[in-house]
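First comes the structure, then the notes that go with it.
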Amino acid sequence: MPLEIVTVPCRTDNYAFLIHDDASGETALVDAPEAAPILKALDERGWRLQHVWLTHHHADHVEGLPELQTSQPDIKVLGAESDQNRLPPLDTAVTDGESFEFAGDRVEVMDVSGHTLGHVAFYIPGAKAAFTADSLMSLGCGRVFEGTPEMMWASLRKLAALPDDTTIYSGHEYTQTNARFALTIEPDNPALKDRARRIEEARARGEPTVPSALSEELATNPFLRAHLDEVKSALSMEGADDAEVFAEIRARKDRF
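The opening position of the sequence shown corresponds to residue 1 in UniProt numbering, with each subsequent residue numbered one higher.
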């Protein structure tokens, strides 16, 4: 049976994700922003949490972990070896390019530094799912707090190379604002205009816009499109280096 993935809204605009295998009963959690909604989602489904995979050290992705561990003390915590001095104590430290098994599925670890150093994403090929937190986001990307624009661009290119039918599970509900910004970069992109309309309608109904399809991100997300001639022309940056164009888009979004 395929893995079941549940999106759990937390805090004001965070998302956590439960991944469950019915055959084995195993359940993993990607990030722990807040314990109460995660425990509620587990209780509603009769699931018990065995694994927590942390993407990066920011408080809004880890601060629910102590309460989860108190409630379910057998949890094993996994995160990046390169950032383990800033993460909660880890049972397993992983590195870029490494893989591990969850309920018979391979999980690939991808270093996607930029937002923070040591930020990782988790890609499950069998489930066609990538958990990207604050690297690649729905119609956006995370602010470059610790890395460089060049580093963030390389991370986004790595994620963009995943199969088009990958579903992107990102860490925040920022899509509506991201769409409004994206339209300032490519106002005539028909796929973007259509997506922006659907996002406005979904948010008006109180519906989440995460997860999203990588194919749609490639067609509409300006942070993945900095290498394209039409985007460079829109910014009057014809012939500029791709990472330089990405940096300009990121700087504009920071001021938006």
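From the three backbone atoms N, C-alpha and C, an ideal C-beta is built for every residue, glycine too.
To the nearest angstrom, how far is it from the Cα of residue i to the Cα of residue j?
i    : j    : result
A160 : F256 : 24 angstroms
P37  : C10  : 6 angstroms
M110 : G46  : 31 angstroms
R48  : L29  : 11 angstroms
E26  : D43  : 14 angstroms
N178 : D91  : 36 angstroms
D164 : E67  : 37 angstroms
D22  : F102 : 12 angstroms
C24  : E201 : A quick correction: the sequence has Ser, not Cys, at residue 24. Going from the Cα of S24 to the Cα of E201 covers about 38 angstroms.
L156 : V112 : 7 angstroms
H61  : K193 : 31 angstroms
N85  : H57  : 9 angstroms
I249 : R143 : 11 angstroms
DSSP three-state label for residue i, please.
i    : result
H172 : strand
P222 : helix
K76  : strand
I'd like to check one pair, residue j with residue i: are the Cβ atoms closer than 9 angstroms?
i    : j    : result
H115 : Y15  : no
E34  : G79  : no
L54  : L87  : yes
A182 : P222 : yes
V8   : A59  : no
N253 : A240 : What sits at residue 253 in the sequence shown is Lys, not Asn. It is not a contact, given that the beta carbons lie outside the stated cut-off.
T95  : E108 : no
L139 : L214 : no
Would you grab the beta carbon distance between residue i and residue j for me? Rounded to a whole angstrom, and I think it's under 8 angstroms.
i    : j    : result
Y169 : A234 : That pair is no contact at about 29 angstroms.
R246 : W153 : Residue identity differs from the one stated: residue 246 is Phe in this sequence, not Arg. The Cβ separation is near 4 angstroms, so the contact holds.
D105 : I75  : That belief does not hold up - the Cβ atoms of D105 and I75 are roughly 19 angstroms apart, past 8 angstroms.
E150 : A243 : 5 angstroms
L117 : S71  : About 31 angstroms separates the two Cβ atoms, so there is no contact after all.
E217 : L224 : 6 angstroms
R195 : T220 : 5 angstroms
Can you find a C-beta in chain B that's less than 9 angstroms from the C-beta of residue i?
i    : result
E244 : Looking at the structure shown, chain B is missing, and only one protein chain is on hand.
(message) If we require 4 or more residues per run, which alpha helix (DSSP H) segments fall completely within the stretch 133-188?
(response) 149-160, 175-185
(request) Could you name each continuous beta strand (DSSP E) segment of 3 residues or more that falls completely within the stretch 91-129, going from the start of the chain to the end? (result) 92-94, 99-102, 105-111, 120-124
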